[in-house]
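Report on one structure; see the data block that follows.
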Amino acid sequence: MDLCKQLNVQSVIETHGHWDHIQAVPQVRDAGYSVHVTQADAHMLESYDEILEDESVINVGRVRLETILTPGHTPGSMCFKVKDKPILFSGDTLFPGGPGATQFEGGDFEKIINSIERRLFTLEKEKLFSLAMVITQLSEMSSPI
584 MDLCKQLNVQ
594 SVIETHGHWD
604 HIQAVPQVRD
614 AGYSVHVTQA
624 DAHMLESYDE
634 ILEDESVINV
644 GRVRLETILT
654 PGHTPGSMCF
664 KVKDKPILFS
674 GDTLFPGGPG
684 ATQFEGGDFE
694 KIINSIERRL
704 FTLEKEKLFS
714 LAMVITQLSE
724 MSSPI
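As structure tokens, this is what we get:
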């Protein structure tokens with residue numbers, strides 16, 4: 584939390600509601616930070632402050648993030664594209680090796696493939712920042728199936 588204070592963090596935006604991403608939510612909220620999650624994944628969190636909507640814009644300092652709902656890894660998985668920049672934060676929806684896992688609660692292979700093909704692969708020139716922070720060009724990736 585010290586680093587969050589140093590960086591003047593005000594909010595945490597969740598890419599999805601799986602435990603490995605949300606386990607610190609109570610401590611984060613106790614420290615005074617707001618937590619944002621999609622409606623479809625809100626039930627996975629003990630508590631939250633705001634609902635993230637598809638195709639909206641979130642201001643993060645001088646950076647503007649466009650929200651892209653990408654169900655499949657979870658029903659409410661969401662990616663974030665930096666507005667007017669070729670950068671996409673894919674959460675656990677898409678990795679350089681293919682789609683995120685769908686065998687966990689709420690996962691749906693058909694939905695994640697549809698999300699990737701219709702919502703992400705249309706961003707041909709975007710750079711992909713996955714959880715592992717491996718950078719790759721979306722245009723260099725083939726179909727996920």
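Per the numbering used here, the very first residue in the sequence shown carries number 584; after that it's consecutive.
Glycine included, every Cβ here is placed at the ideal spot set by N, Cα and C.
{"Query": "Reference residue 627, options 649, 617, 618, 601, closest by Cα", "Result": "601"}
{"Query": "Nearest to residue 660 (by Cα), restricted to the options 608, 590, 684, 609", "Result": "684"}
{"Query": "Inter-residue Cα distance where the pair is residue 586 and residue 690", "Result": "33 angstroms"}
{"Query": "Where the beta strand (DSSP E) containing residue 619 begins and where it ends", "Result": "617-621"}
{"Query": "Segments assigned beta strand (DSSP E), at least 3 residues, entirely inside the segment 588-637", "Result": "594-596, 617-621, 633-635"}
{"Query": "Pick from 688, 634, 643, 706 that is closest to residue 677, judged by C-alpha positions", "Result": "706"}
{"Query": "Helix, strand or coil at residue 647 according to DSSP, with G and I counted as helix", "Result": "strand"}
{"Query": "Cβ-based neighbour list, residue 605, same chain, cut-off 7 angstroms, excluding 5 preceding and 5 following", "Result": "597, 627, 628"}
{"Query": "Nearest-angstrom Cα separation, counted from residue 594 out to residue 668", "Result": "22 angstroms"}
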